[in-house]
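Working notes, beginning with the structure itself.
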Amino acid sequence: MPLQIDDLPGAIRAAKNELRERLPNYREVFAEVEADMIAQAERIAALRERGEPVIPEIRFDDIAAGRVSAEQIENVKTRGACVIRNVFDRARVEQWDRDIADYVERNRLDKKLENRAEDRYFGQLASSKPQIYGVYWSKPQVLARQSAELTQARVFLNRLWRSESEGRVHFDPDRVPVYADRLRRRPPGSESLGLSAHCDGGSVERWIEPNFRMVYREVFSGNWRAYDPFDAAWRTEVEEIASPAVCSMFRTFQGWTALTQQGPGDGTLQLVPIASAMVYILLRALQDDIADDDLCGAMPGRALSIKAAYHAPLFRALSSIPLMQPGDTVFWHSDVIHAVEDAHRGSGYSNVMYIASLPACAKNDAYLRRQLPSFIDGDSPPDFPADHFEVDFTGRARLDDLTAIGRAQMGVGL
């Protein structure tokens, strides 16, 4: 069920009063957290400035062969992100990119974009107009989502989480539902088409909604060092405020697949690779310099913006992902801070398919039942602006294009 808040300032005041009463030493606890975040951010900045990698990298072949080491897994869980190399053969992905270009050009998407619905989800961000196309059902997108390779990679990622804790099973990591998302096709030379630092998956809800509070129970109790970002307890039960582009599913990792070569300076993804950074964000809003009816500028139904005025230490760790080749993927924990470079100063298109990692659970199954009719009819999925560009597109994917894996992942027969 979507969360509804009729009196937001009142709800924020009540939440902050209650959280401060439960944690009377919130100032001292935050001082500890801030010192830890500064130290982590400085270590990351030092690595970056020496030219050393700050985002863990794993070869898909090692995932497939079960050769990923415990040290690599721990590094991914600390950083909250990873690049998986060579998930797809380069020639196959380059053909997908050409097929997508043909799909959008043949169906005159450029004309339809002139009348697209306003996407207000990113409206409060300083940079808020990424080159993202409301296209969900091209054949390459569907083929990539249901592929054996990407399915195996996402099962690996789902298994990094604690899917069972507190005597309950939270999700099935081995079943990978589809969350149909969009494309980015970014031409060289584009300026101010990025996204400033933010988190998805909930804004004001994190402090107000009861199940979100249980996700962060160790943080709000002051026992922040015991907080495990990969414990799934309560995450499949949270309720978000409904809004276009607010994800209604539980994603273990957000992610995208590179369709073209792209790297730092090419208008690419940036991350704050600290899996526990949400601890800082949550406790920062309780401090005395923030108004009682404010959560560091968090707005309902929007991305949770991360601002230098409130979260300055975290920006030292903001790092562009490494050079990506067609067929590489990048994934980041659903609470990890991310951004997109404003300027694309490279020489070629910077194109990606947004494909996240999700596990099977009741929350996700409920969305699949809403999403499937959108696929059949060519509509935009329920979470996204109701542009419905693809209703009359020739060449879009149909039920017959789904493999047995694809049908299961799309929830056919649920």
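In numbering that gives the first Met the number 0, the protein residues as written are 0 to 413. Every residue, glycine too, gets a C-beta built ideally from N, C-alpha and C. None of the values given here were measured: they were computed from a predicted structure.
Between R185 and H343, the CB-CB gap stays under 7 Å. Take I11, set aside five residues on each side of it, and the residues of its chain with a beta-carbon closer than 8 Å to its own are V203, W206, I207, D291, D292, D293 and L294, in chain order. If only uninterrupted alpha helix (DSSP H) runs of at least 4 residues are considered, those enclosed by the stretch 295–351 are 307–314. Comparing alpha carbon positions, the residue from I62, F59, K110 and H169 closest to V237 is H169. Scanning V351, R153, L303 and E163 for the CA closest to the CA of V245 turns up L303.
The residue from M298, S220, T77 and Y348 with its alpha-carbon nearest to that of H197 is M298. In the structure shown, G405 falls within a helical segment according to DSSP collapsed to helix, strand and coil. Per the DSSP secondary-structure output, D171 pairs in a beta bridge with A359. The Cβ atoms of V92 and L270 do not sit closer than 7 Å to each other. Going by C-alpha positions, D386 is about 42 Å away from A64. Beta-bridge analysis with DSSP links C198 to L303. In this model, K362 and E239 are separated by some 12 Å (Cα to Cα). The shortest C-alpha to C-alpha distance from V390 to any of P228, S373 and F383 is the one to S373.
Distance from the Cα of I375 is smallest, within the candidate group W136, D287, P23 and S318, for W136. For the pair Y366 and D334, the Cα-to-Cα distance works out to about 20 Å. Here N16 is exposed, its C-beta having fewer than 16 other C-beta atoms within 10 Å. By the C-beta density criterion, P209 is exposed, having fewer than 16 other C-beta atoms within 10 angstroms. The beta carbons of Q140 and Q408 sit no closer together than 7 Å. It is roughly 14 Å from the alpha-carbon of A307 to the alpha-carbon of I289.
Just measuring C-alpha positions, the residue of D60, T256, E41 and G264 sitting nearest G347 is G264. Counting only residues of its own chain and dropping the five nearest sequence neighbours on each side, Q324 has a CB closer than 6 Å to the CB of Q260. At a Cβ-Cβ threshold of 7 Å, V53 and P272 count as neighbours.
For F219, the enclosing alpha helix (DSSP H) has its first and last residue at R216 to F219.
Judged by DSSP secondary structure, Q269 falls within the beta strand (DSSP E) whose first and last residues are L268 to L270. In the three-state reduction of the DSSP assignment, R97 falls in the helix class, which pools H, G and I.
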